[in-house]
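**Student:** I have a structure I would like to understand better, so I am pasting it below and will then ask my questions one at a time.
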Ligand code: NAD
Ligand code: MG
């Protein structure tokens, strides 16, 4: 039996992971499940899977979680320390499915104990790629990509020599506003941005898809995970989202990964790697699909992509600054304090301010990453009135 822990079990990625594990109950022993305020769902999952412990990130939810787990034999715990403690419990495979930089430390803890980390939490790589990959190397642990584009690149690279890779293309659906005129975009609401044409995901990543901040994070994620030079990484709008990524080699050949819009493919690939097992996803019918389209992304429409290039060029703690500013800009947009297009203005303003003092260099330490994260959040809050006037 493989021991499995799922961070962010109640989210979109967490639920898809549980769906797969539930189909083969005898193969897995569930160690820890973690979630947020939805303790009813967390308790139901923990009972159903017979987890050792269920952890809510919020201390004020502990009583509710305890009540919901009464008589089940599942331990209840709450708060950040409990979350990190759950990650130290021996596990073979850990899903990193928390959203935001809050997922970084739990991922590090899991790697330190030698677990394989299935990484959906792209923010970990954006804010501390060097630290995360070094922690894995030092512990002899593995990080496997779960973001669909990165799983696609990983699969296309199977058996290939990295020195023969010429370019990597990650695709983007274009999000909810792909066909909206630019002037209308300025007035787009959070509810409009939170509907995705192809994928069913958490609210935050869905809005990030509409603004292309998601693709911006993914460009950096590609650079950090595979060590590919920024100039060799491209983003391409592909409205059908059937090709998830393509890898071009020095001989001009290109390997494209094609699959349905269902995260259970990428999650299942990471769960079964290095094997492949049957997965309950749709089988594509190409005659029905008929055609696939590709459009170059417009950087005036999507300034996030340009900012990602600046971040990769700057290195150091620029990623942590970028990600934290983006997380706060998104909070402010959801709260109605700034407009849709102002999210990138705010992030750019934070990057500009911090870059004056430099983004640091040398070996990355967790304390420095967390401090850069806090500074960027505080700066973003401070700059909101300047952006809105
Ligand atoms: P979600 O909002 O649906 O779920 C997030 C989970 O994290 C929930 O269980 C929530 O309780 C927990 N959480 C949130 N904030 C937390 C905090 N501060 N501390 C501890 N736990 C916290 O998000 P999602 O769409 O499942 O995305 C999860 C991660 O996977 C994100 O990094 C996202 O970018 C990435 N991802 C998601 C998809 C997708 O299809 N949903 C695809 C690719 C990558
Ligand atoms: Mg993705």
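Residue numbers (the UniProt record's numbering): 1 to 389.
Here a beta-carbon is modelled for each residue, glycine too, at the ideal position from N, C-alpha and C.
As the structure is a computational prediction, the values presented were derived from the model and not from experiment.
Nearest-angstrom Cα distance between residue 364 and residue 131?
**Tutor:** Numbered from 1 along the chain shown, position 364 holds the residue referred to as residue 364. Numbered from 1 along the chain shown, position 131 holds the residue referred to as residue 131. Going by the C-alpha atoms only, they are around 6 Å apart.
**Student:** Can at least three beta-carbon pairs, one atom from the region 201-209 and one from the region 138-156, be found at a separation below 8 Å?
**Tutor:** The region 201-209, when compared against the region 138-156, does not touch it at the 8 Å Cβ threshold.
**Student:** Less than 7 Å separating the beta-carbons of residue 297 and residue 235?
**Tutor:** Indexing the chain shown from 1 puts residue 297 at position 297. Indexing the chain shown from 1 puts residue 235 at position 235. Going by C-beta atoms, residue 297 is nearer than 7 Å to residue 235.
**Student:** Please report how far the alpha carbon of residue 152 lies from the alpha carbon of residue 245, in whole angstroms.
**Tutor:** Translated into positions along the chain shown, residue 152 becomes position 152. Translated into positions along the chain shown, residue 245 becomes position 245. Approximately 6 Å between the Cα atoms of the pair.
**Student:** Would you say residue 63 touches ligand 1, meaning its beta carbon is less than 6 Å from a heavy atom?
**Tutor:** Position 63 of the chain shown holds residue 63. No, the beta carbon of residue 63 sits no closer than 6 Å to any heavy atom of ligand 1.
**Student:** Mind checking who residue 167 pairs with in its DSSP beta bridge?
**Tutor:** If you number the chain shown from 1, residue 167 lands on position 167. Its beta-bridge partners are 248.
**Student:** Taking the DSSP output, what are the residues bridged to residue 116?
**Tutor:** Locating residue 116 in the chain shown gives position 116, where the first residue counts as 1. The partner list for residue 116 (beta bridge, DSSP) reads 93.
**Student:** Rounded to the nearest angstrom, what separates residue 128 and residue 75 at their Cα positions?
**Tutor:** Translated into positions along the chain shown, residue 128 becomes position 128. Translated into positions along the chain shown, residue 75 becomes position 75. Whole-angstrom Cα-Cα distance: 32 Å.
**Student:** To the nearest angstrom, report how far apart residue 185 and residue 223 are at their CA atoms.
**Tutor:** On the chain shown, position 185 is the one that residue 185 refers to. On the chain shown, position 223 is the one that residue 223 refers to. Each residue's alpha carbon lies about 29 Å from the other.
**Student:** Residues in its own chain within less than 7 Å of residue 27 by CB, not counting five upstream and five downstream?
**Tutor:** If you number the chain shown from 1, residue 27 lands on position 27. Closer than 7 Å at Cβ, skipping near neighbours: 1, 2.
**Student:** Give the secondary structure of residue 145 by DSSP, where H, G and I count as helix, E and B as strand, and everything else as coil.
**Tutor:** Mapped onto the chain shown, residue 145 falls at position 145. If DSSP states are grouped into helix, strand and coil, residue 145 belongs with the strands.
**Student:** Check whether the Cβ atoms of residue 201 and residue 305 sit closer than 7 Å, and answer yes or no.
**Tutor:** Sequence index remark: in the chain shown, residue 201 carries index 201 (1-based). Sequence index remark: in the chain shown, residue 305 carries index 305 (1-based). Taking 7 Å as the Cβ cut-off, residue 201 and residue 305 do not qualify as a contacting pair.
**Student:** Any heavy atom of ligand 1 within a distance shorter than 6 Å of the CB on residue 81?
**Tutor:** Locating residue 81 in the chain shown gives position 81, where the first residue counts as 1. No, Cβ of residue 81 sits at least 6 Å from all heavy atoms of ligand 1.
**Student:** Examine the Cβ distances between the region 242-262 and the region 174-190 and report whether three or more of them are shorter than 8 Å.
**Tutor:** The answer is no - the region 174-190 does not touch the region 242-262, with fewer than three Cβ pairs under 8 Å.
**Student:** Quick one, are the C-beta atoms of residue 89 and residue 61 less than 7 Å apart?
**Tutor:** Your numbering for residue 89 matches position 89 in the chain shown. Your numbering for residue 61 matches position 61 in the chain shown. No, these two residues do not count as a Cβ contact at 7 Å.
**Student:** Less than 7 Å between the C-beta atoms of residue 94 and residue 168, yes or no?
**Tutor:** Within the chain shown, numbered from 1, the residue matching residue 94 stands at position 94. Within the chain shown, numbered from 1, the residue matching residue 168 stands at position 168. Contact: no.
**Student:** Residues in its own chain within less than 7 Å of residue 58 by CB, not counting five upstream and five downstream?
**Tutor:** Counting from one through the chain shown, the residue named residue 58 turns up at place 58. Here the set comprises 36, 37, 78.
**Student:** Give the DSSP bridge partners of residue 233, in chain order.
**Tutor:** In the chain shown, the residue the question calls residue 233 occupies position 233. Looking at the DSSP assignment, residue 233 forms a beta bridge with 168.
**Student:** I need the straight-line Cα distance from residue 348 to residue 68, nearest angstrom please.
**Tutor:** By 1-based counting over the chain shown, the position of residue 348 is 348. By 1-based counting over the chain shown, the position of residue 68 is 68. Going by the C-alpha atoms only, they are around 44 Å apart.
**Student:** State yes or no: is the C-beta of residue 124 nearer than 6 Å to some heavy atom of ligand 1?
**Tutor:** Indexing the chain shown from 1 puts residue 124 at position 124. It does not: the Cβ of residue 124 is nowhere closer than 6 Å to a heavy atom of ligand 1.
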